[in-house]
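Data block below; observations after.
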Amino acid sequence: MVEIASERTFTGHSKPVVHCTFSADGKLLLSASDDDVLQLWSVDGTLVHTFDAHSNVGAACCFSPDDQHVLSGSHDFTLKLFRTYDGALVRTLRGHVAGISCCCFSPHGNAALSASIDQSLVLWRISDGKLKRKMDGHGGTVLHCCFSPGGEHALSTSSDGGTLRLWRLADGIVETVFTHHENLVSCCCFSPDGACVLAASLDKTLSLWHLSSGNLLALNGHTSYVLWCCFSPNGKHIVSASSDHTLKVWCTTDGQQVHTLAGHLDRVSRCCFSPGGATVLSASRDGTLRLWNMVSGEAICTLLRHDGDVLDCCFSPDGSHALSASQDATAKLWSFMVDVLSVPCAEQSWRYGFS
Numbered sequence: 000m001v002e003i004a005s006e007r008t009f010t011g012h013s014k015p016v017v018h019c020t021f022s023a024d025g026k027l028l029l030s031a032s033d034d035d036v037l038q039l040w041s042v043d044g045t046l047v048h049t050f051d052a053h054s055n056v057g058a059a060c061c062f063s064p065d066d067q068h069v070l071s072g073s074h075d076f077t078l079k080l081f082r083t084y085d086g087a088l089v090r091t092l093r094g095h096v097a098g099i100s101c102c103c104f105s106p107h108g109n110a111a112l113s114a115s116i117d118q119s120l121v122l123w124r125i126s127d128g129k130l131k132r133k134m135d136g137h138g139g140t141v142l143h144c145c146f147s148p149g150g151e152h153a154l155s156t157s158s159d160g161g162t163l164r165l166w167r168l169a170d171g172i173v174e175t176v177f178t179h180h181e182n183l184v185s186c187c188c189f190s191p192d193g194a195c196v197l198a199a200s201l202d203k204t205l206s207l208w209h210l211s212s213g214n215l216l217a218l219n220g221h222t223s224y225v226l227w228c229c230f231s232p233n234g235k236h237i238v239s240a241s242s243d244h245t246l247k248v249w250c251t252t253d254g255q256q257v258h259t260l261a262g263h264l265d266r267v268s269r270c271c272f273s274p275g276g277a278t279v280l281s282a283s284r285d286g287t288l289r290l291w292n293m294v295s296g297e298a299i300c301t302l303l304r305h306d307g308d309v310l311d312c313c314f315s316p317d318g319s320h321a322l323s324a325s326q327d328a329t330a331k332l333w334s335f336m337v338d339v340l341s342v343p344c345a346e347q348s349w350r351y352g353f354s
């Protein structure tokens, strides 16, 4: 297995970088840190803007689908909408009575969701910052939220003992409460076609629900907390990351385990598929990222190295780069010579080109 160094290290933060993401055009990077600062970077390493209007940023931040705005959620109970091109604060969104744990834009960018420690989920109108709907029902901190691919529904998880809720956004009604899990649900997402929802839990399992039938596939196999999960771009597979030091790949049709991806020496905190679905990227507390072949389940390379827990990772939209965030107060950019991440797996030949 090849070990490869990063192309570029971003060193503007003074405390752990807890979240990182690419803009939709792949030209900009966003990093959020425990130093209460959001930073916007060009992929060439230039610091474009520093957003420091919050008193306590947290990890909740994202680009709008058209890259025109950045949204951030804070432990100061507010969300802030910034303009990307000049860094100006557009407006502050107020309505929560406790810290923000998660935020996201709708697929069309005209609305946003926020999840909070105040046990609520809020739907916002972006054009004027108006609170459109506050959705209560969870019995604990709302940890994670996301829109359905069409934007008509939202999914949320909570610390209230393992529940997952499906909301109809037109009227704020809870359509379904999923109660399979016996411990906190750490992550949730919709399948690319919106037909299924997926949840990962600290009870060591995942649950895959088919919305039309209500059928449940319970995915059992991890031996410790499941911390993250996601669908492949075509929706045919799932990857999960666990405190048991492994990732697992599952088939969405029958819930069968396809691969166990073993090699990390500590907790695996994050995972994601490449844009073409040919590879999986993982981030671990062992200070490394690993790139995995979806066909064989083997590690292609180890990306070296952060000097602390790697807390987040993602691919660029075109698959030419990867980005990571770490407890060592840095973000790192990893560059591929060719887009090895979008070619169909069966046709893939692997080459590495990092500088």
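So for the sequence shown, numbering that gives the first Met the number 0 puts the first residue at 0; every next one is plus one.
Don't be surprised by glycine CBs; every beta carbon is placed ideally from N, CA and C.
Can you look up residue i in the DSSP assignment and give me helix, strand or coil?
i: lysine 133; result: strand
i: aspartate 311; result: strand
i: threonine 178; result: coil
i: lysine 14; result: coil
i: leucine 290; result: strand
i: lysine 26; result: coil
i: alanine 345; result: Below a pLDDT of 50, predicted positions are generally treated as unreliable, and alanine 345, at 30, falls in that range; no measurement from the model is reported.
i: serine 242; result: coil
i: leucine 340; result: At leucine 340, the pLDDT of 43 sits below 50, so the modelled position is not reliable; the number obtained from the coordinates is stated separately. Leucine 340: coil per DSSP, three-state reduction.
i: valine 36; result: coil
i: serine 157; result: strand
i: phenylalanine 76; result: coil
i: histidine 209; result: strand
i: threonine 162; result: coil
i: aspartate 268; result: At residue 268 the sequence reads serine, which differs from the aspartate that was named. Here serine 268 sits in strand by DSSP.
i: aspartate 169; result: In the sequence under discussion, the amino acid at residue 169 is alanine, which differs from the aspartate named in the question. Three-state result, alanine 169: coil.
i: glycine 352; result: Residue confidence is low: glycine 352 scores 30 on pLDDT, short of 50, so the model does not pin down where it sits. Its coordinate-derived value is still stated next. Correct three-state label for glycine 352: coil.
i: lysine 247; result: strand
i: arginine 304; result: coil
i: valine 47; result: strand
i: threonine 20; result: strand
i: lysine 203; result: coil
i: serine 319; result: coil
i: lysine 235; result: coil
i: serine 41; result: strand
i: serine 273; result: coil
i: serine 334; result: strand
Shortest alpha-carbon distance to residue i belongs to which of the options?
i: isoleucine 237; options: Asn182, His179 and Thr204; result: Thr204
i: glutamate 174; options: Leu215, Val267 and Leu165; result: Leu165
i: serine 323; options: Pro316, Ser315 and Asp311; result: Asp311
i: leucine 215; options: Ser334, Leu290, Ser315 and Asp253; result: Asp253
i: leucine 246; options: Ala153, Cys270 and Pro232; result: Cys270
i: leucine 288; options: Pro274, Ser295, Leu264 and Ala277; result: Leu264
i: histidine 74; options: Pro316, Asp33 and Ser242; result: Asp33
i: valine 146; options: Arg82, Ala110 and Ser185; result: The amino acid at residue 146 is misidentified as valine; the sequence shows phenylalanine. Here the closest residue by C-alpha is Ala110.
i: phenylalanine 76; options: Gln67, Thr91, Arg82 and Asp65; result: Thr91
i: leucine 28; options: Thr222, Ser315, Asp170 and Ser158; result: Ser315
i: glycine 11; options: Ser158, Ser325 and Ser334; result: Ser325
i: arginine 124; options: Ser105, Ser22 and Leu302; result: Ser105
i: serine 241; options: Gln256, Cys250, Pro232 and Tyr224; result: Tyr224
i: leucine 168; options: Trp291, Cys144 and Ala97; result: Cys144
i: aspartate 317; options: Gly275, Lys331, Leu280 and Asn292; result: Gly275
i: alanine 194; options: Leu207, Ser155, Asp117 and Thr178; result: Leu207
i: glycine 149; options: Gly262, Ser13 and Phe189; result: Phe189
i: alanine 358; options: Leu280, Arg284, His305 and Ser157; result: There is simply no residue 358 to check, as the chain begins at 0 and stops at 354 in what is shown.
i: valine 89; options: Ser71, Val47 and Cys102; result: Ser71
i: leucine 218; options: Ala199, Phe230, His209 and Ala97; result: Ala199
i: cysteine 186; options: Asp117, His209, Ser100 and Leu122; result: Ser100
i: glycine 391; options: Ala330, Gly307 and His180; result: Residue coverage of the chain in this structure runs from 0 to 354, which leaves residue 391 outside it and unanswerable.
i: glycine 296; options: Lys331, Asp327, Phe272 and Leu260; result: Leu260
i: histidine 95; options: Gly160, Asp24, Ala23 and Leu112; result: Leu112
Need the endpoints of the beta strand (DSSP E) that residue i sits in, please.
i: glycine 72; result: 68-72
i: glutamine 355; result: Nothing can be reported for residue 355, as the shown portion of the chain is limited to 0 through 354.
i: alanine 198; result: 195-200
i: phenylalanine 146; result: 141-146
i: histidine 258; result: 256-261
i: leucine 221; result: A quick correction: the sequence has histidine, not leucine, at residue 221. That residue, histidine 221, is in no beta strand (DSSP E); it is neither H nor E in DSSP.
i: alanine 282; result: 278-283
i: serine 185; result: 184-189
i: arginine 59; result: A small fix is needed here, since residue 59 is alanine in this sequence, not arginine. From DSSP, the beta strand (DSSP E) with alanine 59 extends over 59-62.
i: threonine 8; result: 7-9
Please decide whether residue i counts as near chain C, where near means a Cβ-Cβ distance under 7 angstroms.
i: asparagine 292; result: In the displayed structure, chain C is absent; only one protein chain is listed.
(message) What ranges does the beta strand (DSSP E) occupy inside the stretch 82-139, keeping only unbroken runs of at least 3 residues that lie completely in it?
(response) 88-93, 99-104, 110-115, 119-124 and 130-135
(request) Pair every Cβ in the stretch 294-311 with every Cβ in the stretch 4-22, then say whether three or more of these pairs are closer than 8 angstroms. (result) yes
(request) Would you check if there are 3 or more beta carbon pairs closer than 8 angstroms linking the stretch 174-185 to the stretch 112-132? (result) Counting Cβ pairs under 8 angstroms, fewer than three are found: no touch.
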